[in-house]
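>
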Amino acid sequence: MAATAGALAVLQLASIVAAAVLLSSPPAAAAEPSVDFIDVVACSQSQGCDASVYLSGANSEQGMPPNANSLQPRALQLVEDIRAKVHAACGPTVSCTDISALATRAAVVLSGGPTYPVPLGQLDSLAPAPLRLVNQLPGPGTSSVQALIDLFGSRGMGDAADLVALSGGHTVGKSKCAFVRPVDDAFSRKMAANCSANPNTKQDLDVVTPITFDNGYYIALTRKQGVFTSDMALILDPQTAAIVRRFAQDKAAFFTQFVTSIVKLSKVPRPGGNKGEIRRNCFKTNSGARLVDVVEGFAASA
């Protein structure tokens, strides 16, 4: 059903709270989780946008490859902090899924990126995604662009520009040493030396403008300064190399495609439809939860 004026006001408040909480975070904490919002928190693409990745405990996605040791706990906690503030002000009226989507946009905009419409009204899943689906998520060691295009295509995003634009989320954030690409050139040798000196160091994913959402990531790729194997694959494969170069030369072109692609990502259908609940805590399902059909909620965008 259509959103009421009161419901829209609540969603506007959620947007404001998301921005306020992100702004109030310490600089180091605020910069580091940004890539997690874009890559993981917004949508666990194993089963659509449903906040399943937040659920802790038995069978949690957080311990499954390729999520294990890669998710930023602070990024996950930040969304729960936002939920607590919104629910304290308005009651349990906004899902963790919608808060994640709003926080993702706030992180993009606050770091210099474009704004975009966020489809809302999504409910939170009642269980984590099964391992077989989580295992379909691409890892940073993926070298086959065709495999990535095929995976995106299976979710209705078969345009190579979608893959390249959403990979641009790596324009902010850092990586643990375990995920940087193998040594095969001067840049990778430098990363390996840094990691050898301090295994706990974290590598900027964009070495040109590491805390700004812009096209610095693509500029770095043209200089053979990609951090992940999957990053370098984009500039080496003929299917995507020209798109990388175009984005490196034209930030506006990147922003335009990013908006198109992330909105498309947010609309990837959930296998069972929009069924679930509005969690009272993003990390666990509600006690005695029942399935809630989408018609019991509302559809809107912010």
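In mature numbering (1 follows the signal peptide of the UniProt record, and there is no 0), the protein residues as written are -31 to -1, 1 to 271.
Idealized CB from N, CA, C, for every residue including glycine.
(1) What is the DSSP secondary structure of Asn163, counted as helix, strand or coil?
(2) Which residues bound the alpha helix (DSSP H) around Ser29?
(3) From Ala147, Asp175, Phe182, pick the residue whose C-alpha is nearest to that of Pro168; which is it?
(4) Mind checking if Val133 is an interface residue toward chain B, Cβ cutoff 9 Å exclusive?
(5) Of the residues Asn243, Ala130, Leu106, which one's Cα is nearest the Cα of Asp211?
(6) Phe224 and Gly82 look like a contact to me (Cβ under 8 Å); what is the Cβ gap, rounded to whole Å?
(7) Just to confirm my understanding: we take Ile188, look at its own chain, exclude 5 residues before and 5 after, and list those with CB closer than 6 Å. What are they?
(8) Alpha carbon to alpha carbon, how far is Lys244 from Pro88? Give it in angstroms, no decimals.
(9) Which of the three DSSP states is assigned to Ser64 in this structure?
(10) Taking the CB atoms as reference points, tell me whether Arg249 and Gly17 lie closer together than 9 Å.
(11) Between the Cα of Ser21 and those of Asp93, Ala53, Val228, spot the shortest distance and give me the residue it belongs to.
(12) Considering only residues of the same chain and omitting the five flanking positions on each side of Pro(-5), which have a CB-CB separation below 7 Å?
(13) Taking the CB atoms as reference points, tell me whether Val65 and Arg52 lie closer together than 9 Å.
(14) Looking only at C-alpha atoms, which of Pro97, Val237, Thr170, Lys220 sits nearest to Gly185?
(15) Which of helix, strand or coil does DSSP assign to Pro83?
(16) Give a yes or no on contact between the segment 133 to 153 and the segment 192 to 210, applying the rule of three or more CB pairs nearer than 8 Å.
(17) If you reduce the DSSP assignment to three classes, tell me which class residue 275 lands in.
(18) Could you tell me the alpha carbon to alpha carbon distance between Val63 and Lys233, rounded to whole angstroms?
(19) Quick check on DSSP: helix, strand or coil for Asp183?
(20) Whole angstroms are fine: how far does the CA of Asp153 sit from the CA of Ala44?
(21) So what does DSSP say about Gln172, is it helix, strand or coil?
(22) Can you tell me where the alpha helix (DSSP H) with Ser235 in it begins and where it stops?
(23) Please classify Gln41 as buried or exposed, where buried requires at least 16 other C-beta atoms within 10 Å of its C-beta.
(24) Counting only the same chain and skipping the five closest in sequence on each side, list residues whose C-beta sits under 8 Å from that of Glu49.
(25) What's the C-alpha gap between Asp8 and His56?
(26) Rounded to whole angstroms, what is the Cα-Cα separation between Val103 and Ala58?
(27) Given a cut-off of 9 Å on the beta-carbon distance, is the pair Pro107 and Glu30 in contact?
(28) Which residues in the same chain as Ala134 place their Cβ atom closer than 7 Å to its Cβ, once the five residues preceding and following it in sequence are excluded?
(29) What are the boundary residues of the beta strand (DSSP E) that Lys143 is part of?
(30) On the criterion of 16 or more Cβ atoms from any shown chain inside 10 Å, does Pro109 qualify as buried, or is it exposed?
(31) Write down the C-beta distance between Val77 and Ala202 rounded to the nearest angstrom, noting that I regard them as a contact closer than 8 Å.
(32) Tell me whether Arg259 sits in a helix, a strand or coil according to DSSP, three-state version.
(33) If you follow the alpha helix (DSSP H) that Leu40 is part of, which residue opens it and which one closes it?
Taking the definition as stated:
(1) Your numbering for residue 163 matches position 194 in the sequence shown. Helix.
(2) The sequence position of residue 29 within the sequence shown is 60, counting from 1. Looking at the DSSP string, Ser29 is not in any alpha helix (DSSP H), and its letter there is neither H nor E.
(3) Along the sequence shown, read from residue 1 onward, the residue named residue 168 stands at position 199. The option with the nearest alpha carbon to Pro168 is Ala147.
(4) Judged by its chain identifiers, the structure shown contains no chain B, having just a single protein chain.
(5) Looking up residue 211 in the sequence shown gives position 242. Inspection of the sequence shows that residue 211 is occupied by Ala rather than by Asp. Nearest option by C-alpha distance: Ala130.
(6) Reading the sequence shown from its first residue, position 255 is the one you call residue 224. Reading the sequence shown from its first residue, position 113 is the one you call residue 82. At roughly 7 Å, the Cβ-Cβ gap stays under 8 Å, so Phe224 and Gly82 are in contact.
(7) Position 219 of the sequence shown, counting from 1, holds the residue named residue 188. So the list reads Val177, Ala217, once near-sequence residues are dropped.
(8) Counted from its first residue, the sequence shown places residue 88 at position 119. Counted from its first residue, the sequence shown places residue 244 at position 275. C-alpha separation (whole angstroms): 16 Å.
(9) The residue you call residue 64 lines up with position 95 of the sequence shown. Three-state result, Ser64: coil.
(10) In the sequence shown, the residue the question calls residue 249 occupies position 280. In the sequence shown, the residue the question calls residue 17 occupies position 48. No, these two residues do not count as a Cβ contact at 9 Å.
(11) Here residue 21 refers to the residue found at position 52 of the sequence shown. Among Asp93, Ala53, Val228, the Cα nearest to that of Ser21 is on Asp93.
(12) Within the sequence shown, the letter at position 27 stands for residue -5. In this predicted model, Pro(-5) has a pLDDT of only 40, less than 50, meaning its place in the structure is not dependable; the value taken from the coordinates is given anyway. None.
(13) Within the sequence shown, the letter at position 96 stands for residue 65. Within the sequence shown, the letter at position 83 stands for residue 52. Per the sequence shown, the amino acid found at residue 65 is Cys instead of Val. Going by C-beta atoms, Cys65 is nearer than 9 Å to Arg52.
(14) For this step, residue 185 is matched to residue 216 along the sequence shown. Gly185 has its Cα closest to that of Lys220, out of Pro97, Val237, Thr170, Lys220.
(15) Looking up residue 83 in the sequence shown gives position 114. In this structure, Pro83 counts as coil in the three-state DSSP scheme.
(16) yes
(17) One cannot answer for residue 275 here, as it falls past the ends of the chain, which runs -31 to 271.
(18) Numbered from its first residue, the sequence shown carries residue 63 at position 94. Numbered from its first residue, the sequence shown carries residue 233 at position 264. Spanning the two alpha carbons is a distance of roughly 21 Å.
(19) In the sequence shown, the residue the question calls residue 183 occupies position 214. DSSP places Asp183 in coil when its eight states are reduced to three.
(20) Here residue 44 corresponds to residue number 75 of the sequence shown, with the count starting at 1. Here residue 153 corresponds to residue number 184 of the sequence shown, with the count starting at 1. Each residue's Cα considered, the two are about 32 Å apart.
(21) Reading the sequence shown from its first residue, position 203 is the one you call residue 172. Three-state DSSP puts Gln172 in a strand.
(22) Here residue 235 refers to the residue found at position 266 of the sequence shown. First-last of the alpha helix (DSSP H) with Ser235: 220 to 235.
(23) As a first step, residue 41 is located in the sequence shown; it is residue number 72 there, counting from the start. Under this definition Gln41 is a buried residue.
(24) As a position in the sequence shown, residue 49 is number 80, starting the count at 1. Same-chain partners within the cutoff: Tyr23, Cys65, Asn250, Cys251, Phe252.
(25) Counting from 1 along the sequence shown, the entry for residue 8 is found at position 39. Counting from 1 along the sequence shown, the entry for residue 56 is found at position 87. Confidence at Asp8 is low in this model, with a pLDDT of 44, below 50, so its placement is unreliable and the value that follows should be read with caution. Computed Cα separation, rounded: 25 Å.
(26) Position 134 of the sequence shown, counting from 1, holds the residue named residue 103. Position 89 of the sequence shown, counting from 1, holds the residue named residue 58. Each residue's Cα considered, the two are about 34 Å apart.
(27) Position 138 of the sequence shown, counting from 1, holds the residue named residue 107. Position 61 of the sequence shown, counting from 1, holds the residue named residue 30. No.
(28) Here residue 134 is taken as the residue at index 165 of the sequence shown, counted from 1. So the qualifying residues of the chain are Phe223, Gln226, Phe227, Ser230.
(29) The residue you call residue 143 lines up with position 174 of the sequence shown. Note, Lys143: beta strand (DSSP E), 143 to 145.
(30) For this step, residue 109 is matched to residue 140 along the sequence shown. Label assigned to Pro109: buried.
(31) As a working note, residue 77 is residue 108 in the sequence shown. As a working note, residue 202 is residue 233 in the sequence shown. In fact, because the Cβ distance is near 24 Å, the residues do not count as touching under 8 Å.
(32) Looking up residue 259 in the sequence shown gives position 290. Confidence at Arg259 is low in this model, with a pLDDT of 43, below 50, so its placement is unreliable and the value that follows should be read with caution. Correct three-state label for Arg259: coil.
(33) Counting from 1 along the sequence shown, the entry for residue 40 is found at position 71. Looking at the DSSP string, Leu40 is not in any alpha helix (DSSP H), and its letter there is neither H nor E.
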